[in-house]
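Residue numbers (full-length UniProt numbering): 1 to 314.
Idealized CB from N, CA, C, for every residue including glycine.
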């Protein structure tokens, strides 16, 4: 790691240290790498939605209770699978169709015995009938029929999947309020418990989110990334299989022992008129704008532990 001296470094003054900028102690603000005081206190506001009850005790052995609020079904909020406004056309015996509660369709399908990936596919398609001929879960089948050994595959459907389904169907109790969409051009935050995140991800795994499956360019969610996992299940390649393995391992772990932490997502936006004029900026970037540490040694995994890591593919 870096020396405690935080004096500016002149690259022409014969300094042979392998880093420039400020020492890592300043980047960490003098705190432990994983100390929660790195982050501001969570407080609900017009721009910060908190979905769990405050105050939150990090030493609590149970997940924080969900915060009660009003559900919303509009273009500014996530259209949750469990909303009573979510309806789906169901074909009747006489050829006509009626609108029925999609959440009831989801519950009826997932509470039936599901013993393998083929039965899981049929269950998912029963409440996504529009895509019955276009969705192909080839990677899901390849994983459980070819990649994993038989005991491991059977164990997922016998032990993990039933718990995953219960977690997904608990969504109305775990997320009783509205989740705002963090849209472009806005500064907004949302805080959730890890249990709430797990329930939302379980629904994504089971492809229950409504209005998120079309690929039309002008659809309601065309500017948002996918949430349902159908495209992952039908993609190909070893990396896809590893992603599904990772997800299965995640659900196995959280279903065995639910984590009690909390998570905050922020969308940061700076209007173009407020951009700094870097060419005229006289501030020392490493000190007055943001603490920057540049090193020619080490790795981001080791020297950057506890910090957000991002590597551009290029």
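Task: Simplified DSSP state of residue 254, which is helix, strand or coil - done: If you number the chain shown from 1, residue 254 lands on position 254. Here residue 254 sits in helix by DSSP.
Open item on the list: Quick check on residue 183: buried or exposed, where buried means 16 or more other Cβ atoms within 10 Å of its Cβ?
Closed with: Translated into positions along the chain shown, residue 183 becomes position 183. Around the beta-carbon of residue 183, fewer than 16 other beta-carbon atoms lie within 10 Å, marking it exposed.
Task: Helix, strand or coil at residue 26 according to DSSP, with G and I counted as helix - done: In the chain shown, the residue the question calls residue 26 occupies position 26. When DSSP states are grouped into helix, strand and coil, residue 26 belongs to the helix group.
Task: Close-in-space but distant-in-sequence residues of the same chain around residue 42 (CB under 8 Å, 5 per side omitted) - done: For the purposes of this step, residue 42 is identified with residue 42 of the chain shown, where counting begins at 1. So the qualifying residues of the chain are 48, 50, 54, 56, 191, 262, 264.
- [ ] Please confirm whether residue 124 and residue 207 have their CB atoms less than 8 Å apart.
- [x] On the chain shown, residue 124 is found 124 positions in, with the first residue counted as 1. On the chain shown, residue 207 is found 207 positions in, with the first residue counted as 1. Taking 8 Å as the cut-off, the Cβ atoms of residue 124 and residue 207 count as close.
TODO: Over the uninterrupted beta strand (DSSP E) stretch that includes residue 188, give me the two end residues.
DONE: As a position in the chain shown, residue 188 is number 188, starting the count at 1. Counting along the chain, the unbroken beta strand (DSSP E) around residue 188 starts and ends at 188–193.
Open item on the list: Once the 5 residues before and after residue 180 are set aside, which same chain residues still bring their CB inside 7 Å of it?
Closed with: Working through the chain shown from its first residue, we reach residue 180 at position 180. Once the five neighbours on either side are set aside, the close Cβ partners of residue 180 are 49, 76, 77, 188, 190.
- [ ] Following the continuous beta strand (DSSP E) through residue 112, name the residue where it begins and the one where it ends.
- [x] The count along the chain shown starts at 1 and reaches residue 112 at position 112. Run containing residue 112: none; DSSP gives neither H nor E here.
Task: Close Cβ partners of residue 106 (< 7 Å) along its chain, the five nearest in sequence each way excluded - done: As a first step, residue 106 is located in the chain shown; it is residue number 106 there, counting from the start. Counting only Cβ-Cβ distances below 7 Å, and skipping sequence neighbours, we find 81, 127, 208.
Task: Minimum C-alpha distance to residue 235 - residue among 137, 303, 174, 212 - done: Here residue 235 corresponds to residue number 235 of the chain shown, with the count starting at 1. Ranked by Cα distance from residue 235, the first of 137, 303, 174, 212 is 137.
TODO: Note down, in chain order, each residue of its chain lying with its Cβ closer than 6 Å to the Cβ of residue 296, except the 5 sequence neighbours on either side.
DONE: Translated into positions along the chain shown, residue 296 becomes position 296. Excluding positions up to five away in sequence, the list reads 18.
Task: Own chain partners of residue 145 with C-beta closer than 7 Å, once the 5 adjacent residues on each side are dropped - done: Taking the first residue of the chain shown as 1, we reach residue 145 at position 145. Within the same chain, and ignoring the five residues on either side of residue 145 in sequence, the residues whose Cβ sits closer than 7 Å to its Cβ are 117.
Open item on the list: For residue 31, would you say it is in contact with chain C, using Cβ-to-Cβ distances shorter than 8 Å as the test?
Closed with: Absence of chain C from the displayed structure is noted, only one protein chain being present.
TODO: Taking only runs that begin and end inside the UniProt domain "PARG helical" (149–267), name each unbroken alpha helix (DSSP H) of 4 or more residues, in chain order.
DONE: Counting only runs of 4 or more residues that sit fully inside the UniProt domain "PARG helical" (149–267), the alpha helix (DSSP H) segments are 150–155, 161–169, 171–174, 194–205, 230–234, 238–256, in chain order.
TODO: Quick one: residues in its chain with C-beta nearer than 8 Å to the C-beta of residue 92, no 5 flanking neighbours on either side, listed in chain order?
DONE: Position 92 of the chain shown, counted from the start, is the residue given in the question as residue 92. If you ignore the 5 residues before and after residue 92, its C-beta comes within less than 8 Å of the C-beta of 98, all in its own chain and listed in chain order.
Task: Outcome for residue 13 when other beta-carbon atoms lying within 10 angstroms are tallied against a minimum of 16 - done: The residue given as residue 13 occupies position 13 in the chain shown. With a pLDDT of only 48 at residue 13, under the threshold of 50, the placement of this residue in the model should not be trusted; the figure read from the coordinates follows. Counting C-beta atoms within 10 angstroms of its own C-beta, residue 13 has fewer than 16 neighbours from the protein chains shown and is therefore classed as exposed.
- [ ] Could you pull the start and end residues of the beta strand (DSSP E) that residue 119 belongs to?
- [x] Counted from its first residue, the chain shown places residue 119 at position 119. In the DSSP annotation of this structure, residue 119 is not part of any beta strand (DSSP E); the continuous alpha helix (DSSP H) holding it starts and ends at 117–126.
Open item on the list: Please return the same chain residues whose Cβ sits closer than 6 Å to the Cβ of residue 165, not counting the five positions on each side in sequence.
Closed with: The sequence position of residue 165 within the chain shown is 165, counting from 1. Cβ within range, chain order: 110.
- [ ] Given a cut-off of 8 Å, decide if residue 241 and residue 142 are closer than it, judged by their beta-carbon atoms.
- [x] In the chain shown, residue 142 corresponds to position 142, counting from 1. In the chain shown, residue 241 corresponds to position 241, counting from 1. One thing to note: residue 142 has its Cβ within 8 Å of the Cβ of residue 241.
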